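Chains as they are written, first to last, in our numbering: chain B, 637 to 894; chain U, 3 to 451.
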Amino acid sequence: MSEAKIMLEIKDLRVSIEGKEILKGINLSVKAGEVHAIMGPNGSGKSTLASALAGRDYFHITHGKIIYEGKDLTELAPEDRAREGIFLGFQYPVEIPGVSMVNFLRTAINSMRKYRGQDALPAGDFLKLMREKKKVVEINSDLTNRSVNEGFSGGEKKKNEIFQMALLEPKLAILDETDSGLDIDALRIVANGVNKLRSPQNATIVITHYQRLLDYIVPDVVHVLYKGRIVKSGDKSLAKELEEHGYDWIKQEVDADT
Amino acid sequence: MQTLDKYLELFHKYRKQIGRDDLPYVKEMRDAAILSFQQSGFPGRKEERYKYTHLEPVFDGELSFDFQPRKIDYDEAEIFSCDVPMLDSNVLTVLNGFFHHPETEALISLNNGIIYGSLKEASTQYPDLVKKYLGKIASSNDEPFVALNTAFSQDGIFLYIPEGVRMERPIQIINLLLSDKNQIVQHRNLFVLEKNAEAQVIVCDHTLSPQMFLTNSVSEVYTGENANLDLLRLQNEHNNSCQVTNTWINQDRNSNCQHGTITLHGGIVRNNLRINMEGEGAETSTLGLFLTDKMQHVDSYTVIEHSKPHCTSNQYYKGVLDDASTGAFNGKIHVHPDAQMTKAFQSNNNILLSDAARMYTKPRLEIYADDVKCSHGATVGQLDEEGLFYLQSRGIAKDESRLMLMDAFTWDVISKIKQPSLRGRITELVGKRLRGELSRCNNCAMHCD
């Protein structure tokens, strides 16, 4: 795996929200084909990292760089990051009443195709593609007739994220607490979906609070984020250790140092 | 000279021309109306109802009056094609307030008893019918601009659907303003649907030349027992226009009425709407949607009277405001003491797209009965940032994402238009408007601005 090229390189990334520094110098390197898990206690900055990678401008990058496939992303708009192959699975997928799933997905796919210099997908091909990808996440077919996420249950919203991921075929997927609020069946479906989409060409960053998800999506590297820094990295056994002992021992280690 | 005095003097000076061919009942109505207007005058700045729309200065402008149709050379087919081409509708053109009928009679009577055409002609040909409703639904004492219109109005559209008759083809009234000088136009419509009658009416307001136009129109509508009326108004006038509409609707028992106002363009627009459900079990739904930019101003003032038990009203008003445009919504729902089992719902939601845009909203429920179900809500906000980011994160450009959210916002109102083809057409027009592709001049070959 070490010969694989580096897909994402985060260098000393500092991010503030309304003047308050949340990420205090993140360094992370992800290669194609890898799955990285980012764990950490609440409030450690996990979701901020995910949003900053996706380009939410509410989060101000005050320092550092995000290099993705050799390009600096920091000045790129969210839509261009998506078109370059970055996908964010939202912790709280947004309900958008009045925008139909079909219109939303078709617009998204065609925006990406246009960016790549491809023609818009004919309606028939689009519907066929939808049918195919629905199977990946076992999504209820009437959900796609509704408005985006409107009236979806928690589990349906998360499945819908993976469904969109399947349709958009990103190179780098960042899944922000995709497991939270899921029962074990939904968790398995979501994890299976992610696993089916894994390939040596793409990479996944799984952000989670619990080790549970990592039984299904087996990570190559596990990082612990605490107080805005990655304080520990290791292989999948680190996740197990965290599950058994909680975060306190790490907190103590870090707090003792500072 | 006071603006009021100008109008009083104008009325008395041209009394003979204004009331030419008036039957006595119309003459009496005019005289009563001018007295009423003399007493009320123009609504002042401090008047609560007109707090956000001060119209007197507009009426004080240099405006010419036509007391009879004036010949204006233009080729209708060449310069105008309607935004809402209704296949299979009866199109009635009203030019500067007068029914324009170069090829037909002033009043058309169908075999099934339907009558439509010039209100002036109808008031003479069918005095008993017209007298029963004209000036009775919209009283001059209710509203100064109704009084002013009653005193001055010359013509407009009359529509009569007799008992049990369903009008197959919609009536489309196209109000065209086209002149070589700044002008005031005050036309009047009267729509009467008898028991079990059914009709669909679309009113389109257009300006075709760049002059300043001031319109003060009144539409009186009566829906008889169990009658069914869809009435949609599409306003698309230029920024140098001012439009005051007064729509008064009386609904008899179990009648069903949908009233919609879609404002695409206009300089200053004030829409007064009063619906009185005076029969048990009547149902009304009122839709409103306006889109403003630059310095445009749209003020909706609505009153829904629940006078009798078991009536239902649903009101959905929305606005999208850009640049330095302003909007106002004042919606009163009045539930009378014996109107038990009333169901009333009102919502007013607005989106401000710029820092300079302003929206004033004032929902009002006045409930004097105790067994009712009423609710209302009003919001003024911005496009949902979370939703915007969600769409962008899927590769959709920011501008396109904004449009999708605005389309969704407006669709909420448009989707309630009953007739599918009209709904589709309005969706398209509103979409174009939001994309900045719809100018009121699109359909005009004059290219005057």
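Ideal Cβ placement from N, Cα and C applies to all residues, glycine included.
Since we're looking at a predicted model, the values are computed, not measured.
- Put simply, the stretch 773–792 of chain B does not touch the stretch 746–762 of chain B. Fewer than three CB pairs are less than 8 angstroms apart.
- For the alpha helix (DSSP H) assignment, the uninterrupted runs of no fewer than 4 residues enclosed by the stretch 338–415 of chain U are, from N- to C-terminal side, 387–394.
- Beta-bridge partners of B/Trp-885 (DSSP): none assigned.
- Taking a contact as a CB-CB distance under 8 angstroms, the pair U/Gly-329 and U/Thr-294 counts as one, their CB atoms being some 6 angstroms apart.
- The three-state reading of DSSP puts U/Ser-287 in strand, counting E and B together.
- The C-beta distance from U/Ser-257 to U/Thr-209 rounds to 34 angstroms, too long to meet the 8 angstroms contact threshold.
- By the C-beta criterion, the stretch 875–890 of chain B is judged not to be in contact with the stretch 96–108 of chain U, since fewer than 3 inter-stretch pairs fall below 8 angstroms.
- For U/Val-96, the uninterrupted beta strand (DSSP E) run begins and ends at 92–97, by DSSP.
- Contact annotation: the stretch 150–161 of chain U touches the stretch 109–122 of chain U, with at least three C-beta pairs closer than 8 angstroms.
- Per DSSP, the unbroken alpha helix (DSSP H) holding B/Asp-761 starts and ends at 759–773.
- Bridge pairing for B/Lys-647: B/Lys-701 [DSSP].
- For B/Lys-660, the enclosing beta strand (DSSP E) has its first and last residue at 656–667.
- The beta carbon of U/Gln-40 is closer than 8 angstroms to those of Leu-6, Leu-10 in its chain, skipping five residues each way along the sequence.
- Contact note: U/Ser-349 does not reach chain B at a C-beta cutoff of 7 angstroms; the least C-beta distance is about 13 angstroms.
- The beta carbons of B/Val-858 and B/Leu-849 sit no closer together than 8 angstroms.
- For U/Gly-46, there is no enclosing beta strand (DSSP E), since its DSSP letter is neither H nor E.
- Counting only residues of its own chain and dropping the five nearest sequence neighbours on each side, U/Asn-273 has a CB closer than 6 angstroms to the CB of Thr-247, Thr-263, Ser-302.
- For the set B/His-696, B/Gly-791, B/Ala-690, the Cα lying nearest the Cα of B/Leu-659 is the one of B/His-696.
- The Cβ-Cβ distance between U/Thr-344 and U/Cys-376 falls below 8 angstroms.
- In the same chain as U/Ser-287, and ignoring 5 residues on each side of it, the C-beta atoms closer than 6 angstroms to its own belong to Gln-260, Asn-316, in chain order.
- U/Arg-435: member of the alpha helix (DSSP H) spanning 422–436, first to last residue.
- Remark: C-beta atoms of B/Thr-844 and B/Glu-813 approach each other more closely than 8 angstroms.
- Around the Cβ of U/His-189, a 10 Å sphere holds 16 or more other Cβ atoms; the residue is buried.
- Between U/Pro-311 and U/Ala-346, the C-beta gap is not smaller than 8 angstroms, which leaves the two residues out of contact.
- A straight line joining the alpha-carbon of U/Lys-18 with that of U/Arg-437 spans about 49 angstroms.
- As a beta-bridge residue in DSSP terms, U/Lys-320 pairs with U/Leu-291, U/Asn-351.
- Secondary structure of U/Ala-229 (DSSP, three-state): coil.
- Contact between the stretch 192–206 of chain U and the stretch 217–229 of chain U is present, with at least three C-beta pairs closer than 8 angstroms.
- In the structure shown, U/Asn-191 adopts extended strand secondary structure according to DSSP, grouped into three states.
- Taking 8 angstroms as the CB threshold, U/Phe-391 lines the interface with chain B.
- Sorting B/Leu-689, B/Leu-833, B/His-672 by C-alpha distance to the C-alpha of B/Leu-874 places B/His-672 at the top.
- Under the 8 angstroms Cβ criterion, the stretch 735–747 of chain B does not count as touching the stretch 811–828 of chain B, having fewer than three qualifying pairs.
- Beta bridge pairing from DSSP links B/Thr-710 with no other residue.
- Under the criterion of beta carbons closer than 8 angstroms, U/Tyr-135 and U/Tyr-362 do not qualify as touching, at roughly 34 angstroms.
- Here the alpha carbon of B/Val-773 sits roughly 52 angstroms from the alpha carbon of U/Glu-307.
- Annotation for B/Asn-831: no beta strand (DSSP E) segment contains it, though the alpha helix (DSSP H) segment containing it runs 820–833.
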